[in-house]
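Q:
Number of protein chains: 2
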Amino acid sequence: MVGQALAEGFTRADYDVTIGTRDVDAALARTASTPRGAPGFGDWHSAHPGIGVTTIAEAADAADIIVLAVAGANAPEALSLADPESLTGTTVIDVTNPLVFAPDALPSLSVVNTDSIGELLQRTFPEANVVKTLNTVTAPIMIDPKSLDDGNHTMFVAGNDAGAKDEVRALLIALGWHDLLDLGDITAARGMEMYLPLWLRMRMAFDSPMFSIKVVR
Amino acid sequence: MVGQALAEGFTRADYDVTIGTRDVDAALARTASTPRGAPGFGDWHSAHPGIGVTTIAEAADAADIIVLAVAGANAPEALSLADPESLTGTTVIDVTNPLVFAPDALPSLSVVNTDSIGELLQRTFPEANVVKTLNTVTAPIMIDPKSLDDGNHTMFVAGNDAGAKDEVRALLIALGWHDLLDLGDITAARGMEMYLPLWLRMRMAFDSPMFSIKVVR
């Protein structure tokens, strides 16, 4: 859901987008709707023929910017399917959250407190420039922040490489974000991911994911 | 620092305030300034003679509302110094955060992810009505939210007892809060406490604790 939304949003913002997936044929053959009622990937792609679909390795190899839009727990494995050379000096945007949903417990985080997925990715792939962002809002707001109070809310950015953060900032501005807050190096991903339990309680309270937060000073 | 600020704020809002402390004589004898440059407790109290100072047990016994303003890790022990009868049916406002500051590591939380201080207090003192609030802003904003964008930012409330939350809501409104968000039962304390690492990174980015967040829908 997040990857497809971002592909649409980036395309609308005039970026060329290619989706990387483990099995291209299997992905394109999926036409059954998702449990949430979204179209299957194959049908979705038929409606968005300008968006490429290929293997993760090929998508990463051709990419100037890589966006990791997978379940947080799967993020390191997904990135490991890219050639290390493809990652060298490449900006990797990590929009993931390490959420664990269990039947008899409240949602929790699989990586938390003294580590984060953002840090784990940067440690595992030191040749990449990991930038954490967009994980604090639902997908429709990621790509259309102005749909909410004319974009008058805050998006956080964290990462070790200033150049990579500049690239991400330009991309966020192209999506409509204007209140960007640089939280420093990738260790700030910890705080950004640990915000999720509060986000989930607000989602429950509103019975909707269509909200965000504005930092007020 | 938080307890003294709240005592001043509640007094200004026409509540009668008594501070409970383990050793009254020792507390009043402290005149040396704190490491942050605040006056010692004795000097502070001389400037606020209308605020009572007594033992935790006596303060809790006389209180309609108990406010726990201590380090998160010490919150259960502090409340254990009150007579259980004093706690029965009494609203206990938990403003604490389980922050751990270590010399060679980033700050972390001592209770996190699958539990929280708020829940721990409610489990340990089932006779009390624990309400989590105010832990997401610095003390001067707790007692004067209108100092920031005319109070146009959000305060969260969580707890199991509707009547206790009504009491707390009235108290927050008396302090100047007007954007209150009820997150449901005390398990929401988890999200409220896990927000702290993000708060700490913003504090670093701004080099100031004078900020808050507004939930935008």
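Those sequence lines, one after another, are chains A and B. Be aware that the first sequence starts at 35, since it is given in our numbering, and climbs by one per residue. Be aware that the second sequence starts at 35, since it is given in our numbering, and climbs by one per residue. Glycine included, each C-beta is placed from N, C-alpha and C at the ideal position.
Going by the beta-carbon positions, is the gap between residue 61 of chain B and residue 87 of chain B smaller than 8 angstroms?
A: yes
Q: Report the neighbours of residue 221 of chain B on chain A: residues whose CB is nearer than 9 angstroms to its CB, in chain order.
A: Residues of chain A passing the Cβ test: 140 and 235.
Q: Do three or more CB pairs link the segment 123-130 of chain A to the segment 162-176 of chain A at distances below 8 angstroms?
A: Two segments are said to touch when three or more pairs of C-beta atoms, one from each, lie closer than 8 angstroms; by this definition the segment 123-130 of chain A touches the segment 162-176 of chain A.
Q: For a quick check, are the C-beta atoms of residue 76 of chain A and residue 67 of chain A less than 8 angstroms apart?
A: Not a contact, by the Cβ cut-off of 8 angstroms.
Q: In angstroms with no decimal places, state the Cα-to-Cα distance between residue 69 of chain A and residue 170 of chain A.
A: The C-alpha of residue 69 of chain A lies about 23 angstroms from the C-alpha of residue 170 of chain A.
Q: Is the Cβ of residue 101 of chain A closer than 8 angstroms to any Cβ of chain B?
A: no
Q: Who are residue 54 of chain A's beta bridge partners in DSSP?
A: BP columns for residue 54 of chain A point to A:88.
Q: Comparing alpha-carbon positions, which option in A:83, A:212, A:97 and A:55 lies nearest residue 90 of chain A?
A: Of A:83, A:212, A:97 and A:55, the smallest CA-CA separation from residue 90 of chain A is found for A:55.
Q: Using the Cα positions of residue 31 of chain A and residue 120 of chain A, report the straight-line distance between them to the nearest angstrom.
A: Because chain A spans 35 through 251 in this model, residue 31 of chain A falls outside it and cannot be assessed.
Q: For residue 147 of chain A, which residues of its own chain have a beta-carbon under 8 angstroms away from its beta-carbon, when the five flanking residues on both sides are left out?
A: 224 and 228
Q: When you compare the CB of residue 157 of chain B with every CB in chain A, is at least one pair closer than 8 angstroms?
A: So no, residue 157 of chain B is outside the interface.
Q: Report all residues from its chain with a CB closer than 7 angstroms to the CB of residue 38 of chain B; omit the five preceding and five following residues, and keep chain order.
A: So the qualifying residues of the chain are 78.
Q: Taking residue 180 of chain B as the reference, give the member of B:202, B:157, B:140 and B:207 with the closest Cα.
A: B:207
Q: Let me know the secondary structure DSSP gives residue 121 of chain B once reduced to three states.
A: helix
Q: Let's test the definition: count the other Cβ atoms within 10 Å of the Cβ of residue 29 of chain B and tell me whether it reaches 16, buried, or not, exposed.
A: Not covered by the structure: residue 29 of chain B. The range shown for chain B is 35 to 251.
Q: With a threshold of 8 angstroms, are at least 3 pairs of Cβ atoms found where one atom belongs to the segment 193-206 of chain B and the other to the segment 193-201 of chain A?
A: no
Q: Do three or more CB pairs link the segment 209-217 of chain A to the segment 38-53 of chain B at distances below 8 angstroms?
A: no
Q: Could you spell out where the alpha helix (DSSP H) holding residue 220 of chain A opens and where it closes?
A: Looking at the DSSP string, residue 220 of chain A is not in any alpha helix (DSSP H), and its letter there is neither H nor E.
Q: Smallest Cα separation from residue 192 of chain B: which of B:159, B:222 and B:172?
A: B:222
Q: 8 angstroms is my cut-off, CB to CB: does residue 186 of chain B come that close to chain A?
A: Contact with chain A is found for residue 186 of chain B, since one of that chain's Cβ atoms lies less than 8 angstroms from the residue's Cβ.
Q: Using beta carbons (cut-off 8 angstroms, strictly below), is residue 189 of chain A in contact with chain B?
A: no
Q: Which residues of chain C have a Cβ atom closer than 9 angstroms to the Cβ of residue 147 of chain B, listed in chain order?
A: Protein chains A and B are contained in the structure displayed, whereas chain C is not.
Q: Taking residue 234 of chain A as the reference, give the member of A:106, A:219 and A:135 with the closest Cα.
A: A:135
Q: Taking the alpha helix (DSSP H) that residue 24 of chain B belongs to, which residues open and close that run?
A: This structure cannot speak to residue 24 of chain B, because chain B is shown only from 35 to 251.
Q: Can you name the residues of chain A whose CB is closer than 9 angstroms to the CB of residue 218 of chain B?
A: 235, 238 and 239
Q: If residue 190 of chain A and residue 226 of chain A are in contact, beta carbons under 8 angstroms, what's the gap, nearest whole angstrom?
A: Contact holds; Cβ gap of about 5 angstroms.
Q: What would DSSP say about residue 214 of chain A, mapped onto helix, strand or coil?
A: strand
Q: Helix, strand or coil, according to DSSP, for residue 193 of chain B in the structure here?
A: strand
Q: Going by the CB atoms, is the gap between residue 106 of chain B and residue 133 of chain B shorter than 8 angstroms?
A: yes
Q: Is it the case that the Cβ atoms of residue 251 of chain B and residue 245 of chain A are separated by a distance below 8 angstroms?
A: yes
Q: Quick one, are the C-beta atoms of residue 155 of chain A and residue 230 of chain A less than 8 angstroms apart?
A: no
Q: On the DSSP letters alone, give me the boundaries of the beta strand (DSSP E) that residue 164 of chain B sits inside.
A: 163-167
Q: Excluding the 5 residues preceding and the 5 following residue 44 of chain A in the sequence, name in chain order all residues of the same chain whose CB lies nearer than 6 angstroms to its CB.
A: 51
Q: Quick one: Cα of residue 94 of chain B to Cα of residue 41 of chain A, how far?
A: 57 angstroms
Q: Please identify the residue among B:71, B:137, B:175 and B:109 whose C-alpha is closest to the C-alpha of residue 145 of chain B.
A: B:109
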